[in-house]
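Chemist:
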Amino acid sequence: MFGPKTHCVVVVGAQWGDEGKGKVVDVLAERADLVVRYQGGANAGHTVHTAAGEFVLHQIPSGILQGAVCLVGNGVVLDPETFFTELDALAAQGIKTDHKIFVSDRAHLTLPFHKLLDRAREKRERIGTTGRGIGPTYEDKYGRRGLRVGDLGNLARARELVAARVASTNEILALLGSPDRADAGEHRAMLDRLAPRLLPLAVDAGRVVYEALERGEAILLEGAQGALLDVDHGTYPYVTSSNTTAGGAAVGVGIGPTAIDAVLGVVKAYTTRVGNGPLPTEAEPAVATRIRDLGGEFGATTGRPRRCGWFDAVVVRYAVRVNGLTGLAVTKLDVLDTFAEIPVGVGYRLDGEQVDSMPADVERIDRVEPIYETLPGWQKSLADVRRLADLPPAARAYLDRLQDLARAPIRYVSVGTHRDQIIEVS
Ligand code: GDP
Numbered sequence: 123m124f125g126p127k128t129h130c131v132v133v134v135g136a137q138w139g140d141e142g143k144g145k146v147v148d149v150l151a152e153r154a155d156l157v158v159r160y161q162g163g164a165n166a167g168h169t170v171h172t173a174a175g176e177f178v179l180h181q182i183p184s185g186i187l188q189g190a191v192c193l194v195g196n197g198v199v200l201d202p203e204t205f206f207t208e209l210d211a212l213a214a215q216g217i218k219t220d221h222k223i224f225v226s227d228r229a230h231l232t233l234p235f236h237k238l239l240d241r242a243r244e245k246r247e248r249i250g251t252t253g254r255g256i257g258p259t260y261e262d263k264y265g266r267r268g269l270r271v272g273d274l275g276n277l278a279r280a281r282e283l284v285a286a287r288v289a290s291t292n293e294i295l296a297l298l299g300s301p302d303r304a305d306a307g308e309h310r311a312m313l314d315r316l317a318p319r320l321l322p323l324a325v326d327a328g329r330v331v332y333e334a335l336e337r338g339e340a341i342l343l344e345g346a347q348g349a350l351l352d353v354d355h356g357t358y359p360y361v362t363s364s365n366t367t368a369g370g371a372a373v374g375v376g377i378g379p380t381a382i383d384a385v386l387g388v389v390k391a392y393t394t395r396v397g398n399g400p401l402p403t404e405a406e407p408a409v410a411t412r413i414r415d416l417g418g419e420f421g422a423t424t425g426r427p428r429r430c431g432w433f434d435a436v437v438v439r440y441a442v443r444v445n446g447l448t449g450l451a452v453t454k455l456d457v458l459d460t461f462a463e464i465p466v467g468v469g470y471r472l473d474g475e476q477v478d479s480m481p482a483d484v485e486r487i488d489r490v491e492p493i494y495e496t497l498p499g500w501q502k503s504l505a506d507v508r509r510l511a512d513l514p515p516a517a518r519a520y521l522d523r524l525q526d527l528a529r530a531p532i533r534y535v536s537v538g539t540h541r542d543q544i545i546e547v548s
């Protein structure tokens, strides 16, 4: 990906998240000097398998495993408890973290009261959130009443702000009929504990990235979730609270869009989604269970079973457009090894008419009927394939069809959980 004219690469999920971005980022991070997260919070979970073991990271960019310098951008909402738990776990597993991880002084903090609010609301609204306080933290950010990392520099003011937020949260919890209450003392103690540990890691992240670009370094901007969960472009309201798409990378890091040279979209060779909301190519229960078991489709953060179905070209074509994808990384092709036939969603029908792009209205998306094309399976293990030329012809034909339908070139194909189980398409 990186080269003389490609210094700044964005990696995004091009479906509903969990596409295997963690592994792709891990592979690319080998060549990156700087890896930056730009949105989302502790609801994102990357699982990365390395020789040193399995790592599940929610807040820290997985580039840390490769020794890259990692940044948490201003567009991220930072859960300090998860962040430090992860940092300590990495250090305990022998990963060097000193001078390797920094946090934007403009990133907003997720505090315990946000989680209480999230859970109380989810009981009523059933969006399928992870209950980690992400939505309420973004609400406070846009409501201009949030607490940012840099605010810990003035502890008296931070305490005052948080005390007011705790009081108003408790009023809302009472209105929602929740028995939970946020504890002002617990929050105060948390701020006191956090400030001395977090402030030394705080930087002007946009400036750090800008200066690294000036030095000609390789920079990877890592998205969480996927395009169809983008707050603007996803299946609203069943979406996350941030801009997961590539435009969000510029804003969430603090650089201009012209600094971005390439955008790689990660897609599974099939489709999954966690939580509620439409999933047009969802497979019938027995097939969905088979895909789920073969692909280990259970949430890295919550353990929730994922809903599973076939590749949906309407979704990926849409993701290509709204992200400006310059390439695709297809993951988990090996999960389809044993299928004799593989359906691919090539379009939708709605009220008797053909629809070839994603409707905005969730009720309409719910009613679309996918149009399938069935391709032959390869029925062979792909685990040891490292070159495109060594793929069975049916697997090659499957990829060619996905590429044509998606209208973006495939740059990587992943055939297993391990770092070396990847085919680079030159
Ligand atoms: P992310 O948030 O997009 O990184 O998604 P997850 O963390 O949920 O990653 C997906 C899971 O799939 C992880 O357990 C990966 O190890 C695994 N995975 C990634 N690529 C492949 C692949 O090509 N084949 C198989 N079988 N598993 C993969």
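Take the sequence shown: its letter number 302 is residue 424 in our numbering, and every next letter is one higher.
The C-beta atom is built at its ideal place from N, Cα and C for all residues, glycine as well.
Here the structure is a predicted model, which is why all the values come from computation and not from measurement.
Note the first and the last residue of the continuous alpha helix (DSSP H) segment covering Phe461.
Modeler: Your numbering for residue 461 matches position 339 in the sequence shown. Phe461 -> no alpha helix (DSSP H), and no H or E assigned at all.
Chemist: Assign Lys237 to buried or exposed, taking buried as 16 or more other Cβ atoms, counted over all protein chains shown, within 10 Å of its Cβ.
Modeler: Taking the sequence shown and counting its residues from 1, the one referred to as residue 237 is at position 115. Classification of Lys237: buried, given that the 10 Å Cβ count is 16 or more.
Chemist: Sorry if obvious, but does the Cβ on His168 come closer than 8 angstroms to a heavy atom of the ligand ZN?
Modeler: Ligands present in the displayed structure are limited to the ligand GDP, and the ligand ZN is not among them.
Chemist: So Gly369 is in the alpha helix (DSSP H); what residue range does that whole segment cover?
Modeler: Position 247 of the sequence shown, counted from the first residue, corresponds to residue 369. Note, Gly369: alpha helix (DSSP H), Ala368 to Val375.
Chemist: Just to confirm the assignment, what range does the beta strand (DSSP E) spanning Ala173 have?
Modeler: Locating residue 173 in the sequence shown gives position 51, where the first residue counts as 1. Segment: none, Ala173 is in no beta strand (DSSP E) and carries neither H nor E.
Chemist: Short of 7 angstroms in beta carbon distance, which residues of its chain neighbour Pro498, apart from the five on each side in sequence? Order them along the chain.
Modeler: Counting from one through the sequence shown, the residue named residue 498 turns up at place 376. Cβ neighbours of Pro498 within its own chain (closer than 7 angstroms, five residues either side excluded): Glu463 and Ala516.
Chemist: When we look at the beta-carbon of Leu313 and count the other beta-carbons within 10 Å, is it buried (16 or more) or exposed?
Modeler: Here the question's residue 313 lines up with position 191 in the sequence shown. The residue is buried, with at least 16 neighbouring Cβ atoms inside 10 Å.
Chemist: Quick one, are the C-beta atoms of Gly348 and Gly139 less than 9 angstroms apart?
Modeler: Stepping through the sequence shown from its first residue, residue 348 is reached at position 226. Stepping through the sequence shown from its first residue, residue 139 is reached at position 17. Yes. Within cutoff.
Chemist: Where does the unbroken beta strand (DSSP E) through Glu141 begin, and where does it stop?
Modeler: Walking along the sequence shown from the start, residue 141 turns up at place 19. Premise fails: Glu141 is in no beta strand (DSSP E) and is neither H nor E.
Chemist: Count the CB pairs spanning the stretch 368 to 386 and the stretch 441 to 450 that are closer than 8 angstroms, and state whether there are at least three.
Modeler: yes
Chemist: How would you label Gln501, buried or exposed, when you count the other beta carbons within 10 angstroms and need 16 or more for buried?
Modeler: For the purposes of this step, residue 501 is identified with residue 379 of the sequence shown, where counting begins at 1. The residue is exposed, with fewer than 16 neighbouring Cβ atoms inside 10 Å.
Chemist: Answer yes or no: the CB of Gln543 versus the heavy atoms of the ligand GDP, is any distance below 8 angstroms?
Modeler: Sequence index remark: in the sequence shown, residue 543 carries index 421 (1-based). Yes.
Chemist: Determine which residues share a DSSP beta bridge with Phe433 and list them.
Modeler: Locating residue 433 in the sequence shown gives position 311, where the first residue counts as 1. Per DSSP, the beta-bridge partners of Phe433 are Val466.
Chemist: By DSSP, does Leu298 sit in helix, in strand, or in coil?
Modeler: Locating residue 298 in the sequence shown gives position 176, counting from the first residue. Reduced to three states, the DSSP call for Leu298 is coil.
Chemist: At which residues does the beta strand (DSSP E) containing Gly397 begin and terminate?
Modeler: Walking along the sequence shown from the start, residue 397 turns up at place 275. No beta strand (DSSP E) holds Gly397; DSSP gives it neither H nor E.
Chemist: How many angstroms separate the CA atom of Leu209 from the CA atom of Gly185?
Modeler: For the purposes of this step, residue 209 is taken as the residue at position 87 of the sequence shown. For the purposes of this step, residue 185 is taken as the residue at position 63 of the sequence shown. Straight-line Cα distance between these residues: approximately 13 angstroms.
Chemist: Over what stretch of residues does the beta strand (DSSP E) that includes Gln501 continue unbroken?
Modeler: Numbered from 1 along the sequence shown, position 379 holds the residue referred to as residue 501. Looking at the DSSP string, Gln501 is not in any beta strand (DSSP E), and its letter there is neither H nor E.
Chemist: Kindly give me the distance between the Cβ atoms of Asp155 and Val191, rounded to whole angstroms, as I take these residues to be in contact under 8 angstroms.
Modeler: Here the question's residue 155 lines up with position 33 in the sequence shown. Here the question's residue 191 lines up with position 69 in the sequence shown. Contact flag correct, Cβ pair sits at about 7 angstroms.
Chemist: Taking the beta strand (DSSP E) that Tyr534 falls in, what are its first and last residues?
Modeler: Numbered from its first residue, the sequence shown carries residue 534 at position 412. Tyr534: member of the beta strand (DSSP E) spanning Ile532 to Ser536, first to last residue.
Chemist: Please list the terminal residues of the continuous alpha helix (DSSP H) segment that includes Leu342.
Modeler: Translated into positions along the sequence shown, residue 342 becomes position 220. Not the alpha helix (DSSP H): Leu342 falls in the beta strand (DSSP E), residues Ile341 to Glu344.
Chemist: Figure out for me which residue from Val331, Leu200 and Leu401 has the closest Cα to the Cα of Trp432.
Modeler: Your numbering for residue 432 matches position 310 in the sequence shown. With distances taken between Cα atoms, Trp432 lies closest to Leu401.
Chemist: Are there 16 or more other CB atoms within 10 angstroms of the CB of Gln476, so buried, or fewer, so exposed?
Modeler: What you label residue 476 is simply residue 354 of the sequence shown in a count that begins at 1. Exposed: under 16 other Cβ atoms inside 10 Å.
Chemist: What does a CB cutoff of less than 8 angstroms around Arg281 pick up in its chain, not counting 5 residues either side in sequence?
Modeler: Locating residue 281 in the sequence shown gives position 159, where the first residue counts as 1. Within the same chain, and ignoring the five residues on either side of Arg281 in sequence, the residues whose Cβ sits closer than 8 angstroms to its Cβ are Arg310 and Leu313.
Chemist: Quick one: does the C-beta of Lys454 sit closer than 8 angstroms to a heavy atom of the ligand GDP?
Modeler: In the sequence shown, residue 454 corresponds to position 332, counting from 1. Yes; taking the cut-off as 8 angstroms, the Cβ of Lys454 has a heavy atom of the ligand GDP nearer than that.
Chemist: Beta carbon of Glu141: closer than 8 angstroms to some heavy atom of the ligand GDP?
Modeler: Here residue 141 is taken as the residue at index 19 of the sequence shown, counted from 1. Checking the Cβ of Glu141 against the ligand GDP gives yes.
Chemist: Return yes when at least one heavy atom of the ligand GDP lies under 8 angstroms from the C-beta of Asp163, else no.
Modeler: The residue you call residue 163 lines up with position 41 of the sequence shown. It is worth fixing the name first, because residue 163 is Gly in this sequence and not Asp. Outside the cutoff, so no.
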